[in-house]
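**Student:** Numbering-wise (this note's numbering), the sequence shown opens with residue 7 and increments by one.
Pasting a structure here, questions to come.
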Amino acid sequence: MINYNVIATITAASAMITMIIIIITTTTIIAITIITITIITANIITNINCPCNFYMLSIYFNRINEKEWEMSHNKCNIIALLDLRRAQTIYILYDVNSPEGFNLRRDVFIRIAVFIKILIKQETEFKWQLVLPPWGNLYHWRSKNIGFQTQLPWNLFFDILSLQKYIPVIETYQFLQEYSSENNQTDLDVVYILQNDEEMFKTGIFEDKNKIIKCNDKSLQFHKMKSKKYVGHFWGYNNITSKAVKCVIFHGMISNLKQNLKPNIYRSVMFDHMEIALHDFYGTKEYWKARRSMRYNSELYDIANEFRKSFFNSSNKYDKTERPDDWTKEKNRRNAIGGPYLSVHLRRRDFLVGHSSTVPTIKSAAFQLKNKLHELQLKFLFVATDATQKEFNELREYLSNYTILRFIPSDYVLNKFKDGGIAIIDQIICSYARYFIGTYESTFTFRIQEDREIIGFPTKTTFNYLCRTKEKCNSNGQWEIVW
7 MINYNVIATI TAASAMITMI IIIITTTTII AITIITITII TANIITNINC
57 PCNFYMLSIY FNRINEKEWE MSHNKCNIIA LLDLRRAQTI YILYDVNSPE
107 GFNLRRDVFI RIAVFIKILI KQETEFKWQL VLPPWGNLYH WRSKNIGFQT
157 QLPWNLFFDI LSLQKYIPVI ETYQFLQEYS SENNQTDLDV VYILQNDEEM
207 FKTGIFEDKN KIIKCNDKSL QFHKMKSKKY VGHFWGYNNI TSKAVKCVIF
257 HGMISNLKQN LKPNIYRSVM FDHMEIALHD FYGTKEYWKA RRSMRYNSEL
307 YDIANEFRKS FFNSSNKYDK TERPDDWTKE KNRRNAIGGP YLSVHLRRRD
357 FLVGHSSTVP TIKSAAFQLK NKLHELQLKF LFVATDATQK EFNELREYLS
407 NYTILRFIPS DYVLNKFKDG GIAIIDQIIC SYARYFIGTY ESTFTFRIQE
457 DREIIGFPTK TTFNYLCRTK EKCNSNGQWE IVW
C-alpha cells in the first residue's frame, strides 16, 4: 500500500534541496560578477584619463582575449584593439632603389612573394599580407603630356586576382583604407633601410649579415618630427609616417629577414632597398609559380593580340600558344610555334655606355637580323626598342626587303596605360613570335624569355642574343622553367 505522506515529505525535501542549490549557485555567480565588476571599475578609476577604459566593461563581456585586454589596458588604443579582434594580420611593405627599372622590380616582387609564401606555411598563427608598392617616375618612363606617372596601382599592369592565387596581396591605397589610422594618418610600426656592406665588396669576402646600425644623414631618407614619428618619401603619400626607422647592414637571402619581422610586436613592417636581399629559390619550382602568377592586365593582352592579328595574321589558336585563364592549370609543354614573325629587343640609350662591349651598332644588328630572317624564311620583324627614331629608320634602311614594325600606341592607350603598359605590350608581342632575339644582360629581355618559357616554346627559339660584332657570342645561359 502506497504511503502518500512519505512521498509528499520526500518531494518537499527534494524541492527544498533544489531551491537551496539554485540559491547558492545564483549567489556565487552574483558574487563573482560583483568581484569582476569591482576589479574592472577599480581599473577604470585608477586610469580615469584613459578614454578607452570607459569601453572596458562592454568589451570585456564580449569575450576579448588576454592579448586584447593587455593592449587596451596598457596602450589605451581602442582602434588597435578592434583591429586585433578582426584578425592578427601582419602587413609587409617594401620599396626598391629609385634608379632601378620596371623589370628588375618585377624580379624583386618574386623574391618577396616566395618569402611570404614560406611564411604562410611556417607561421600559421598570423595572416601575412603583402602590400604592393605603387609604380612611378621610373628612368625609362619619359613620355610627356600623358599626366603624372606616379602612384600607379599594380592593377594597371597586372592581374591582381592572378597574383592572389599565389599569396595575399593588396594595393597600397587599399592598405591605407584597411589599416588603422588616426586623423587619416597611417603610422607604420617600423621601416628597415637595407644597406650593402661596402667592406665585403672591398675584400671580396662575402658572408651573411643582418646587423642594425646607427643611421647616418646620408643613408637616412626619413626624418623625425617633433611628434617623434618619421616622415619620408613613401611613394609620394604625405599621410604615411613610421614610429621607428632602423638601418640594417644586410647581405644574404631574403629569408634571413624573417628575424626582423617580430610579428608579436609589429603589425606593419616596411623594407626599403629590398633589391639588396637575394633570392632563396631562384629558378626553382616555387620561383616559377610566383612568376607564372604575374599575368598581365587582360586589356594589355587584348591590345597586343589585336596587333598580332592585324599585322602578322597571328593568333593563339593557329600559333599553338593558347593558355588556360587560370595559371595554376598550366601544363608543361614545348610545342608552341608562335606567329610568323621574328621579334627582337634592341636596347640602346644607357646600354650604349654601361654595356658598350656587348651592344652592337645598328648596322651590325641589322646584319644579324637579316641572316636570321633569311634562315627562318620570315618576312616580318617586330622591334621592341628604346632607340631614337633616327636609329630605327636606319635599321629599316638596312632591312629594306623586309617589313619592320614597332608598336605605336594610340593617344587613348598611352594615356591610360602609360609607358609601363606600352613596354608590357611590346613584351607580349615579342613573347608570341616564332623566334626571339634579345639584348645581353637586359632584364627586359629576361622577362620576355620567362614568358616564352611559360607559353611553351622550344628553348632554341628563345635564348638568343644580339652580338657586338659577330654572330656568335656569350650568352646568359638558359634559365628553363621548372614545373
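We put the beta carbon where it would ideally sit given N, CA and C, even for glycine.
Near R69, what residues of its chain come up, given a Cβ to Cβ distance below 8 Å and the 5 sequence neighbours on each side ignored?
**Tutor:** For R69, the pLDDT reaches just 33, beneath the cut-off of 50, and the residue's location in the model is therefore unreliable, leaving the point undetermined.
**Student:** Could you tell me whether the Cβ atoms of Q135 and Y185 are closer together than 7 Å?
**Tutor:** no
**Student:** From this set, F207, V251, L158, which residue's C-alpha is nearest I218's C-alpha?
**Tutor:** V251
**Student:** Where DSSP assigns a beta bridge to I443, which residues make up the other side?
**Tutor:** V350
**Student:** Only counting the same chain, and skipping five residues up and downstream in sequence, which positions put a Cβ closer than 6 Å to that of I43?
**Tutor:** Bear in mind that a pLDDT of 45 at I43, under 50, signals an unreliable position, so the model cannot answer this.
**Student:** Taking the alpha-carbon positions, what's the R353 to Y347 distance?
**Tutor:** 19 Å
**Student:** Taking 7 Å as the cut-off, decide whether the C-beta atoms of H279 and D203 are in contact.
**Tutor:** no
**Student:** Would you report the Cα separation of S149 and N303, rounded to the nearest angstrom?
**Tutor:** 21 Å
**Student:** Can you tell me which of the three DSSP states G293 falls into?
**Tutor:** Note that residue 293 is Tyr in the sequence shown here, rather than Gly. Residue state, collapsed to three classes: helix.
**Student:** Would you call W141 buried or exposed, if buried means 16 or more other Cβ atoms sit within 10 Å of its Cβ?
**Tutor:** buried
**Student:** With DSSP as the reference, label V488 as helix, strand or coil.
**Tutor:** coil
**Student:** Do the CB positions of Y408 and G344 come within less than 7 Å of each other?
**Tutor:** no
**Student:** What first and last residue would you give for the alpha helix (DSSP H) that runs through L382?
**Tutor:** 368–382
**Student:** In its own chain, which residues sit with a C-beta less than 7 Å from the C-beta of T290, not counting the 5 before and 5 after it?
**Tutor:** Non-local beta-carbon contacts of T290 in its own chain, meaning distances under 7 Å to residues more than five positions away in sequence, involve V488 in chain order.
**Student:** In the DSSP output, which residue or residues are listed as bridge partners for L390?
**Tutor:** Per the sequence shown, the amino acid found at residue 390 is Ala instead of Leu. Partner(s): H351.
**Student:** State buried or exposed for M276, treating a residue as buried only when at least 16 other CB atoms are found within 10 Å of its CB.
**Tutor:** buried
**Student:** Whose CA, out of D432, D457, K323, N399, lies closest to the CA of P415?
**Tutor:** D432
**Student:** In whole angstroms, give me the CA-to-CA distance for K315 and F442.
**Tutor:** 18 Å
**Student:** Let me confirm a value: L387 is counted as buried when at least 16 other C-beta atoms fall within 10 Å, else exposed. Which label applies?
**Tutor:** Residue environment for L387: buried (at least 16 other C-beta atoms within 10 angstroms of its C-beta).
**Student:** Going by DSSP, name the residue or residues bridged to G427.
**Tutor:** According to DSSP, G427 bridges with nothing at all.
**Student:** Is it buried or exposed for I260, if we count other Cβ within 10 angstroms and need 16 for buried?
**Tutor:** buried
**Student:** Between which residues of its own chain and N216 is the CB-CB distance below 6 Å, once the five residues before and five after are set aside?
**Tutor:** Answer for N216: F256, N262, listed in chain order.
**Student:** Mind listing, in chain order, the continuous alpha helix (DSSP H) runs of no fewer than 4 residues lying wholly within the stretch 181–259?
**Tutor:** 204–209
**Student:** Using the three-state DSSP reduction, which class does L136 fall into: helix, strand or coil?
**Tutor:** strand
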